[in-house]
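K.L.:
Note that the protein sequences, when read in sequence, are chains H and G.
The opening residue of the first sequence carries number 24 in our numbering; numbering runs sequentially from there.
The opening residue of the second sequence carries number 66 in our numbering; numbering runs sequentially from there.
No residue lacks a Cβ here, since even glycine has one placed at the ideal position from N, Cα and C.
It should be emphasised that the depicted structure is a prediction, and the values quoted were computed from it without experimental measurement.
I have a structure here, written as structure tokens, and I will follow up with some questions on it.
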Amino acid sequence: MSDVKSVTALGGKSFGGLVRVAEAPLQGMITVRGDLGLASVKEAATGLTKAEMPATGRIETGAEGAIAWMSPDELLVLCAYADAAPSVPKMEDTMAKDFASAADVSDARAMFRLEGALSREVLAKLSPADLSVEGCAVGQMRRTRLAQVPAAIWFTDDETASVICFRSVADYVFALLKTAAQPGSAVGLAPAG
Amino acid sequence: MSYRLQDRGRLIDRSDKITFTFDGKTLDGFAGDTLASALLANNQMLVGRSFKYHRPRGIVASGAEEPNALVNLGHGARMEPNQRATTTELFDGLTAVSQNRWPSLDHDIGAVNAHLSRFLPAGFYYKTFLYPRAFWKSVYEPFIRQSAGLGRAPEEKDADTYEHFNTHTDVLVIGGGVAGLTAAKAAADAGAKVLLFEQTAVWGGRSPVDGGIIDGLAASAWVDRTVAELEAMPNVTLRLRAMGAGVYDHGYVLGYERLTDHTPDKDGPRHRLWRIRAKQIVTATGAIERPLAFAGNDVPGVMLASAVRDFQENWGVVPGKRMVVATNNDDGYRTALLLNAAGVEVLRILDAREGGGGELMGEARNAGIRVDCGRGIGKVSGGKRVKHIQICMTNGTGGAMEEIACDGVAMSGGWSPAVHLWSHTGGKLLWDEAQAHFLPDFSRPPTGADGQAMVRTAGSTSGPMELAAVIQDARSAGADAANGAGFKAKTSKRPSVETATEAPMLPVWQMPGRADYHLKSKSWLDFQNDVKVTDVELAAREGFESVEHTKRYTTLGMATDQGKLSNINGLAVLANALGKPIPQVGTTTFRPPYTPISMGAIAGEARGEIFQPVRKTPIHGWLDAQGADWEPVGHWRRPYAIPQKGESVHDAVMREVTNTRENVGLLDASTLGKLLVKGPDAGRFLDMLYTNMMSNLKPRRCRYGLMCSENGFLTDDGVVARISQESWLCHTTTGGADRIHAHMEEWLQTEWWNWKVHVVNVTEQYAQIAVVGPKARTLLEALGGMDLSADALPFMAWADGKIAGIPVRVYRISFSGELSFEISVRAGQGLALWEKLMEAGKVYGVMPYGTEALHIMRAEKGFIMIGDETDGTVIPQDLGLDWAISKKKEDYIGKRAQARAHMMDPDRWKLVGLQTLDGSVLPDGAYAVGEGINANGQRITQGRVTSSYHSPTLGCGIAMGLVHRGPDRMGEVLEFPGTDEKTYRARIVSPVFYDPEGEKQNV
């Protein structure tokens, strides 16, 4: 699509503390708005990702990407970065008969991965959401905030979290995660019963 | 003298000696000591001076309720004032300095106030410093500031870090004494997820000192066993040094954990603020002993009876060799018995009750301690420590029956449940006559969203002071909390408890009961703020009937201890003086935090680099490396100018304007809001939002639009581009992106919910670079890839294509009056395009420019700026923007408001240009004055400056302003007095100073 390579906000910065924090590589992201019950919306999202349609508050992963439920009329479709821009007009075609929209937002975001047993604890220093195993099980999509900015969080396993924030605050969020993961600051909560 | 015993002190480790300093003196203590116990062990009984009279003050309590022993802890970047010695764990190298004394603790000049105390009663300041009024600012306030206050504010930046932690739990138990442990166990046994907080460094609360047998075990052994059981449960989290600071609605609780106060060299945060969402809260915060109000009760060496035995049993220190115990209840006997057992001479137990106490009195007598019933203390004498006491009748006037020499007094005025947390979020209280204290009214608890009790109390917080009842109450509180959180509490065997049976206490609010004025004026209620019995009585005489008013008038309970010792005694004295029953007078309001928490904990991670989010565009780093002078715009930082080496910011701005007008400039416009509005009803929707038509805009074309609030006032502006049949891209101001997005969503969700429109905020998806100046097209053509000729891309059109191999969308729009292209590019390629433009532009003299150059160029063209020409009271018609208001449309947001008489009034101030006669720059915001004065005696004004700059293009100052009937008064000269004593004279001119025909931008 371009002779010039896109770059992420932080060039893949990482930090090792209580957990490993790293900026994720380029990630395709498409916002889909519309009635989630519409067959065309479902087809547009699942066709691209080969993932199931997510139930309320969940994220489903498929062979070619993932679909996250963002609100009663909004999905976030995750796909390969290179596929996002060309997929938007295709999805719009699929949904053309209905009132539904798609927009490429891949470059509007930054994404981080947290790896380690204390991932939930580190995030709980910054987010008021219940990020315990019971409160945010693997497969749940949690839209919340990290300190003063919006963020979406989900766990791919009990020790690995993905975090999406706006690109302009990537520096801020990275510094937040670094602070929350500083050595010596483990909270040491009992394992959930 | 206070000293260390050889065979007491369950919490100290005598093999681990610790060195610390107090007022520069090097002293020794042991691991496990608090600063208070270590000071007492070193015979340091004088620890501070009181707030008002600078009276010598010693340690009176052993925990969070201590009013006197406040010190300045640490130094430099770790200096902190008003730290409570009783809750400060000793560590090696601790440095403490006493407060509120000068030049030294022993010789304090301010102590002269004590001799003036009869001239400094309650309300003294209010009464004295009223007149003459002019004296307040220059004489009274500086004097009061100098003499008042406790610690000094730190001057260095805090060296420590702090953090927040959010957690959810079924049951939160606050307090780790036997009641808290029992409640936690009961809730955990039911399967609930339990979080247990204890504010001190040890479990067990008072019981290991106060004794009693639970389940056949001594209290301390029972505590150890129960803690071990809880630690073994996977659903229980236990935290020491963690205080419940505040209880709020919906089960939200703030907890305050002190992680490294006792080990300052350890890594990690110093304090952690827990933000807990609990389904059920159990407060097992115990009770607080009350002092007795007798004359001289503030002399160092007079302590709470419970504190005396805490110091002895926990840390092995006692305040004196010859002690007297004064009590109105059986609990005081425990202190006498323990002192006696440790070999300390107990000269007398003065029991205020004619009939004396219960079983414990017998024990005391058997131990050979003399017990005098119906007796109390008339007066304590001694300056910096207790020397003598006078014994009197409980109900007498204070005539001394006997004077005895002693060096310490243990006093007990009964116990008040620590109902603070129960009360924080609306739990009500009842007065218990038998125990003379307020206890929780269980029929009116703090309630959750379901209307059911959300907070429960356990143990002595509920009222019962006797161990068996405490345990029983805690068991049911824990079970109730588990049930309230949706679990099913198990029935378990009731534990057996053995304690002494006690005789009823006798309320004693003043000792002796008929004390004269002189004695009452030396009977302290609030030790820290120097409030005596006579102050509260004076307040009552002066008409302060409400306890809240009396509190503020006398400052009772307003010190850093928030009246933990003084509140109940004070309101009882007030009730007495008013001749009302105590419950009718009531308590003051209990507010969080329970004890002061650090500012650092409140701030959490938000400091330094992450104090606030800074939004950065993809080009931010490049500009920063070039030395951009940043200014905040919302949370963004935008370059005000990009000075070259050695160049002033002003010179840089002038150069940037000139270079852009003569060659070509680049502006990072990425921060502008970009809202994608899409759907079958999008055109109709935009026609309502903007004052002009957007539905008839042709695809591939742009139009400038204005947005108003429903009150008609101009709220945002920007260029709208029609992308396709059903989609438009709306540019907003930098600060307006989120606000306008919300504005659109609000109208769509509330008013036009059935219109088919989606709004997606794509602001950050694109970097946007403005390429501006006569050589702009040449530069872009040099990079190649698109036909940007005037025919292919006329003014106010847009086109997609590739420039230098990068996919872009080019908008031909201008905010400078020059030939201008705004190039939108994926954010991930924004920097690459910028760098290519800079590189290719070298030969054309390309330079980046900042927001000030942008402002000057738009002002030269007479373009308005939201926030400069508008301030929430300005309508588009005021700014001569009638051309951008559709006359054809039936409606748009703000239309009706703009038709109101005041909005149509020809007398409104309207936009004009202003040019000073001497070419100087008008002060921004200056007012044009007219003839005469208004009703307030102020000069009549007839206009104001809204934007003002030096224009390098014109070589003089230019300004815009709103002037009364301005456009009708072209050529008139107005006067603008500045704040620099000068008066500026400026002529009303057209706001368009530069290229009024638009020849430059239309090439």
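Please name the residues in the segment 931 to 954 of chain G whose beta-carbon is closer than 9 Å to at least one beta-carbon of chain H, in chain order.
P.N.:
Hits within the stretch: zero.
K.L.:
Could you check what DSSP says for G/N632 in three-state terms: helix, strand or coil?
P.N.:
Reduced to three states, the DSSP call for G/N632 is helix.
K.L.:
Given that G/H233 touches chain H, what residues does it touch there, using C-beta distances under 7 Å?
P.N.:
Result: D153, S155 and G158.
K.L.:
Can you give me the start and stop residues for the alpha helix (DSSP H) that G/N826 sits inside?
P.N.:
Per DSSP, G/N826 belongs to no alpha helix (DSSP H); it is in the beta strand (DSSP E), H823 to N826.
K.L.:
Assess contact between the segment 794 to 804 of chain G and the segment 709 to 726 of chain G, defined as three or more Cβ pairs (one per stretch) separated by less than 8 Å. Is contact present?
P.N.:
No: the two stretches stay apart, fewer than three of their Cβ pairs being nearer than 8 Å.
K.L.:
Checking contacts by CB at 8 Å: is G/T84 closer than that to chain H?
P.N.:
Closer than 8 Å: no.
K.L.:
On the premise that G/M912 lies in contact with G/G730, defined as a C-beta separation below 8 Å, what is that separation, rounded to the nearest angstrom?
P.N.:
Rounded, the Cβ-Cβ distance is 6 Å, consistent with contact.
K.L.:
Specify, as a first and last residue, the run of the alpha helix (DSSP H) that G/S102 falls within.
P.N.:
L100 to A106 is the span of the alpha helix (DSSP H), which, as asked, contains G/S102.
K.L.:
When you compare each of G/R672, G/P482, G/N393 and G/T490 to G/A568 by their alpha carbons, which one comes out closest?
P.N.:
For G/A568, the nearest C-alpha among the options comes from G/N393.
K.L.:
Looking at the secondary structure, which residues open and close the beta strand (DSSP E) in which H/A62 lies?
P.N.:
H/A62 -> not in any beta strand (DSSP E); alpha helix (DSSP H) instead, spanning A62 to T72.
K.L.:
Could you name the residues that DSSP lists as bridge partners for G/F85?
P.N.:
G/L92, per the DSSP bridge assignment.
K.L.:
Determine the closest residue to H/L98 out of H/M52, H/K120 and H/D116, with distance taken between C-alpha atoms.
P.N.:
Of H/M52, H/K120 and H/D116, the residue nearest in Cα terms is H/M52.
K.L.:
Less than 8 Å separating the beta-carbons of G/L884 and G/P839?
P.N.:
Taking 8 Å as the Cβ cut-off, G/L884 and G/P839 qualify as a contacting pair.
K.L.:
Does G/D600 pass the burial test, meaning 16 or more other C-beta atoms within 10 Å, or should it be called exposed?
P.N.:
That one is buried.
K.L.:
H/Q171 touches chain G at which residues, Cβ-Cβ below 7 Å?
P.N.:
What H/Q171 touches in chain G: Q677 and P678.
K.L.:
From the DSSP output, in three-state form, read off G/D728 for me.
P.N.:
First, the amino acid is wrong: residue 728 of chain G is Asn here, not Asp. The answer is coil: DSSP assigns G/N728 none of H, G, I, E or B.
K.L.:
Taking C-alpha atoms, which residue in G/G443, G/L105, G/V573 and G/D375 lies nearest to G/C457?
P.N.:
G/C457 has its Cα closest to that of G/G443, out of G/G443, G/L105, G/V573 and G/D375.
K.L.:
G/R973 by DSSP, collapsed to three states: which one?
P.N.:
Residue state, collapsed to three classes: coil.
K.L.:
Scan the segment 39 to 51 of chain H for residues whose Cβ lies nearer than 8 Å to a Cβ of chain G and list them as they occur along the chain.
P.N.:
Within the segment 39 to 51 of chain H, the qualifying residues are L49.
K.L.:
Tell me, which residues are paired with G/E145 by DSSP?
P.N.:
G/E145 is bridged to G/L138.
K.L.:
Name the DSSP bridge partner or partners of G/K597?
P.N.:
Beta-bridge pairing links G/K597 to G/W589.
K.L.:
Flag G/F609 as yes if its beta-carbon sits less than 8 Å from any beta-carbon of chain H, otherwise no.
P.N.:
It does not; no Cβ of chain H falls within 8 Å.
K.L.:
Looking at C-alpha atoms only, which residue of G/D972, G/Y957, G/R1004 and G/T1048 is the closest neighbour of G/V986?
P.N.:
Closest by alpha carbon: G/T1048.
K.L.:
Just mark G/E1121 as buried or exposed, buried being the case when its beta carbon has 16 or more other beta carbons within 10 Å.
P.N.:
In this structure chain G extends from 66 to 1068, so residue 1121 of chain G is not present and cannot be described.
K.L.:
Please name the residue in H/A131, H/A147 and H/F178 whose C-alpha comes closest to that of H/G162.
P.N.:
Out of H/A131, H/A147 and H/F178, H/F178 has the C-alpha closest to the C-alpha of H/G162.
K.L.:
At what residues does the alpha helix (DSSP H) containing G/D689 begin and finish?
P.N.:
Counting along the chain, the alpha helix (DSSP H) containing G/D689 begins and ends at H685 to A690.
K.L.:
Go ahead and pull the three-state DSSP assignment for H/W185.
P.N.:
This sequence places Ser at residue 185 of chain H; Trp is not what is there. It is a strand residue.
K.L.:
With 16 other CB atoms within 10 Å as the buried threshold, where does G/W818 fall?
P.N.:
Counting Cβ neighbours within 10 Å, G/W818 comes out exposed, since fewer than 16 surround it.
K.L.:
Where do the ends of the beta strand (DSSP E) carrying H/T167 lie?
P.N.:
Here the beta strand (DSSP E) through H/T167 covers M164 to L169.
K.L.:
DSSP three-state call for G/D865: helix, strand or coil?
P.N.:
Strand, per DSSP.
K.L.:
If you measure from the CB of G/R355, is any heavy atom of the ligand FMN nearer than 7 Å?
P.N.:
With respect to small molecules bound, the structure shown includes none, and the ligand FMN cannot be examined in it.
K.L.:
Run through the segment 166 to 247 of chain G for me and flag every whole beta strand (DSSP E) of 3 or more residues, listed as ranges in chain order.
P.N.:
You should have 227 to 239.
K.L.:
What's the gap between the Cα of G/D972 and the Cα of G/L1039?
P.N.:
One C-alpha to the other measures close to 17 Å.
K.L.:
Looking at the structure shown, is H/A105 part of a helix, part of a strand, or coil, going by DSSP?
P.N.:
H/A105 falls in the helix class under three-state DSSP.
K.L.:
To the nearest angstrom, how far is the alpha carbon of G/R1030 from that of G/Q1007?
P.N.:
About 9 Å.
K.L.:
Whether or not the segment 212 to 228 of chain G and the segment 327 to 334 of chain G are in contact is what I'm after, with contact meaning three or more pairs of Cβ atoms, one per stretch, closer than 8 Å; do they touch?
P.N.:
Yes, the segment 327 to 334 of chain G touches the segment 212 to 228 of chain G.
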